[in-house]
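Trainee: Numbering (UniProt numbering), first residue to last: 1 to 243. By construction, the Cβ of each residue, glycine as well, lies at the ideal position given by its N, Cα and C atoms. These numbers come from a predicted model, not from an experiment. Can you read through this structure? Questions will come right after.
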Amino acid sequence: MTLASADRGKRKGATGARAKTTETTTTETAKAKAKRTKAKTKAKAKAKPYPDARSVTVNGEKYRRCAAALVFNDRGEILCGERSDRAGSWNAPQGGVEAGERVEDAAARELFEETGVRAMDATTPSSSGVVRLIGALPESDGYCYRVEENTWLAERGLAGQRLEFALFHWPGVDCDADPTTHPAVNLAGENGESREFDRLRWIDFDEMVRDVWPSKRAPYALARDVASPLIRDALRAARGDSE
1 MTLASADRGK RKGATGARAK TTETTTTETA KAKAKRTKAK TKAKAKAKPY PDARSVTVNG
61 EKYRRCAAAL VFNDRGEILC GERSDRAGSW NAPQGGVEAG ERVEDAAARE LFEETGVRAM
121 DATTPSSSGV VRLIGALPES DGYCYRVEEN TWLAERGLAG QRLEFALFHW PGVDCDADPT
181 THPAVNLAGE NGESREFDRL RWIDFDEMVR DVWPSKRAPY ALARDVASPL IRDALRAARG
241 DSE
């Protein structure tokens, strides 16, 4: 190799390294910007008490109503996501219930905003939706969990959140494929919401209870006990089983 060739090789390598560094920096900058935007939004809301119309009072303390979408496949596995702000912590798509909003509608909205997955419309089940609503689980104060004092929820006068679950079936989806790569999935955030999950997976309900954020384990364990027979019945009906 001539000195000129070696010099060109060094320059090419340096250029590639700079491009890779620039790409990494751009990605990190975008994530940092998203976090700052989310933090600013929450900071603006801190001064206001959380609306009574979007919360419930349990034992004299206020809890935010939080809808969660339990999506199951043809094997009865649950769709869950790894939180982008807490690596290794998995949970179902969830978020606050708006004033006057049904739990089923709130859960479907949160599912779309956080994963891009749409629920079938009741009047046009063959529309762009891919999951079918089964129904909401009965509300229970057993789904309450407390939050730490330094969170925005506590700063708005809330003791924690009460999860309110809705069941959805995703018929025909490939249970062995990575749901993160499904064409219906978009984890970037819909309706102006920021990214919530880095990846999705199908998981047994027992594993989900194990891997969820510790403070949510009791509500998720209760949801498993209530939802499991409903999931079995829905899958039997979908298969046309007589028993």
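Looking at C-alpha atoms only, which residue of 94, 234, 51, 185 is the closest neighbour of residue 129?
Mentor: When 94, 234, 51, 185 are compared, the shortest CA-CA separation from residue 129 is found for 185.
Trainee: Threshold first: 4 residues or longer. Then list the alpha helix (DSSP H) segments lying entirely within the region 87-175, N to C.
Mentor: 103-115, 152-155
Trainee: To which residues of the same chain is residue 215 closer than 6 Å at the C-beta, ignoring the five residues directly before and after it?
Mentor: 145
Trainee: Using CA atoms only, rank isn't needed, just tell me which of 50, 55, 48 is closest to residue 162.
Mentor: 55
Trainee: Per DSSP, what kind of secondary structure is residue 50 in: helix, strand or coil?
Mentor: coil
Trainee: Quick check on the burial criterion: 16 or more other C-beta atoms within 10 angstroms. Buried or exposed for residue 49?
Mentor: That one is exposed.
Trainee: Given residue 237, which residues of its chain have a CB within under 6 Å of its CB, disregarding the five upstream and five downstream residues?
Mentor: none
Trainee: Thinking just about the alpha-carbon of each residue, which of 93, 200, 95 is nearest to the one in residue 179?
Mentor: 200
Trainee: Hey, could you find the ends of the alpha helix (DSSP H) residue 238 is sitting in?
Mentor: 217-239
Trainee: Grab me the residues of residue 219's own chain with a C-beta within less than 6 Å of its C-beta, minus the 5 sequence neighbours each way, in chain order.
Mentor: 143, 145, 163
Trainee: Assuming contact is defined by CB atoms lying nearer than 7 Å, are residue 108 and residue 119 in contact in what I supplied?
Mentor: Yes, the pair counts as a contact, with Cβ atoms nearer than the cut-off.
Trainee: Grouping DSSP H, G and I as helix and E and B as strand, with all else coil, what is residue 74?
Mentor: Coil at residue 74, not helix or strand.
Trainee: Output the boundary residues of the alpha helix (DSSP H) element that contains residue 211.
Mentor: Residues 205-211.
Trainee: Beta-carbon separation of residue 175 and residue 239 under 7 Å?
Mentor: No, Cβ-Cβ distance for residue 175 and residue 239 is not below 7 Å.
Trainee: Tell me where the beta strand (DSSP E) around residue 185 begins and ends.
Mentor: Here residue 185 belongs to no beta strand (DSSP E), and DSSP marks it neither H nor E.
Trainee: Starting from residue 55 and walking both ways along the beta strand (DSSP E), at which residues does that stretch end?
Mentor: 55-58
Trainee: Give the C-beta separation of residue 212 and residue 91 to the nearest angstrom, bearing in mind that I take them to be a contact with Cβ-Cβ under 8 Å.
Mentor: So it is a contact: roughly 5 Å between Cβ atoms.
Trainee: Excluding sequence positions up to five away, which residues of its chain have a Cβ less than 7 Å from the Cβ of residue 63?
Mentor: 55, 56, 144, 158, 159, 160, 161, 162
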